[in-house]
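For reference, the structure discussed in these notes is given below.
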Amino acid sequence: MRNFISVNDIKNIDQLVQKALDYKSDPLKDKTLGIHKRIGCLFLNPSMRTRLSTQIAAQNLGMEAIVFNVGQEGWALEFEDEAIMSGNTVEHVKDAAPVLGKYFDILAIRTFPSLKNREDDYSELFIKQFIKYTGVPIVSLESATLHPLQSLTDVLTITEESQNSKLKRPKIVLTWAPHVKPLPQCVANSFSQWINAWGIADFVITHPEDYELDEQFTKGATITHNQDEALKNADFVYVKNWSTYRDYGKIYCNDPEWMLTKEKLSLTNSAKVMHCLPVRRNVELSDEILDSPNSIVTQQAGNRVWAAQAVLSELIKSNF
Ligand code: CP
-18 MRNFISVNDI KNIDQLVQKA LDYKSDPLKD KTLGIHKRIG CLFLNPSMRT RLSTQIAAQN
42 LGMEAIVFNV GQEGWALEFE DEAIMSGNTV EHVKDAAPVL GKYFDILAIR TFPSLKNRED
102 DYSELFIKQF IKYTGVPIVS LESATLHPLQ SLTDVLTITE ESQNSKLKRP KIVLTWAPHV
162 KPLPQCVANS FSQWINAWGI ADFVITHPED YELDEQFTKG ATITHNQDEA LKNADFVYVK
222 NWSTYRDYGK IYCNDPEWML TKEKLSLTNS AKVMHCLPVR RNVELSDEIL DSPNSIVTQQ
282 AGNRVWAAQA VLSELIKSNF
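What follows is the structure in structure tokens.
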């Protein structure tokens, strides 16, 4: 593995999940693997889970992690080739990235989409420019369209829960939920991409009309606008808001009826409820669900460490 940007960088999902579960059982089993190696974690946007879990994962491997909140503390970066930099951007990625490649053995980056121009966001220019100019392996800590470390965590969490419940082929439902502001499609795109690639579940996506996701990620899933129908006999319900993809970055319907409640959960096979966090309580997900034994959101967020550790371990083994 040279970079970790999407599921396409992975040869075998189950093997990577098993590696993460092995780290969960024995966090320090490879405590010297990353000795004298340094990872830079660049954040152009806020984060709690991704930032801390990646730092802990690196430390568990004996690796030094340096966090740089470049969005707040760094020079404003330009990403367009041949840009005339007479505006607000101060430094071109072409100049900054090779310097970062001298400082770090691995560079991890979080960017967000603008939600203004779909073609620009879906071109993944930011992450591609870092890959092109840094010269060291790149890890996505969430990009404009995908959140692969979150999705690996999600698959890992579904795997451990399925093993506990002896589920051979779980039914997984991704359901849209209301929100107060337009959010990226990254988590929903990435979850869909990973579950489809994994191929060992019955996968249903449900959302109101106008919230169709990009087919390149959802192809293979059953898609319905009938949430109740989708929830029937579900073993896992993944709750997430996203803004519109076609008429890009908008909120159309924001029907509170789409929030998951106990009544709706009764349609399921006493499903485990997942969310990537942060979550808007009683907008996206009700207190009664989040505070119930069905919610596995804390377990899921805790698993971020093991997913990150498995990925960093693979990158160290394949590149150094
Ligand atoms: N799920 C997730 O990425 O959380 P943070 O934004 O806190 O990193």
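All the letters of the sequence shown, read from the start, carry residue numbers -18 to 301 under the working numbering. Ideal Cβ placement from N, Cα and C applies to all residues, glycine included. Nothing here was measured: the structure is a model prediction, and the numbers come from that model.
| Check | Outcome |
| --- | --- |
| Proximity below 8 Å, CB of residue 235 to CB of residue 159 | yes |
| Residue 68 versus 76, 58, 74, residue with shortest Cα-Cα distance | 58 |
| For residue -16 and residue 118, believed in contact at Cβ under 8 Å, the rounded distance | 6 Å |
| Cβ-based neighbour list, residue 205, same chain, cut-off 8 Å, excluding 5 preceding and 5 following | 185, 186, 187, 211 |
| Within 8 Å, strictly: CB atoms of residue 14 and residue 43 | yes |
| Element boundaries [alpha helix (DSSP H), containing residue 99] | 99 to 103 |
| Under 8 Å between C-beta atoms of residue 108 and residue 163 | no |
| Within 8 Å, strictly: CB atoms of residue 239 and residue 4 | no |
| Heavy atom of the ligand CP within 7 Å of residue 262 beta-carbon | no |
| Proximity below 8 Å, CB of residue -13 to CB of residue 285 | no |
| DSSP three-state assignment for residue 85, whether helix, strand or coil | coil |
| Sequence-distant residues of the same chain with beta carbon closer than 7 Å to residue 291, five excluded per side | -3, 0, 1, 4 |
| Beta-carbon gap between residue 168 and residue 220 smaller than 8 Å | no |
| Residue range of the alpha helix (DSSP H) that includes residue 278 | 278 to 283 |
| Per-residue DSSP class, three states only, for residue 241 | strand |
| Residue 223, DSSP secondary structure in three states | coil |
| Collapsed DSSP secondary structure at residue 183 in the structure displayed | strand |
| Any alpha helix (DSSP H) of 4 or more consecutive residues that is wholly inside the segment 40 to 94 | 51 to 54, 74 to 84 |
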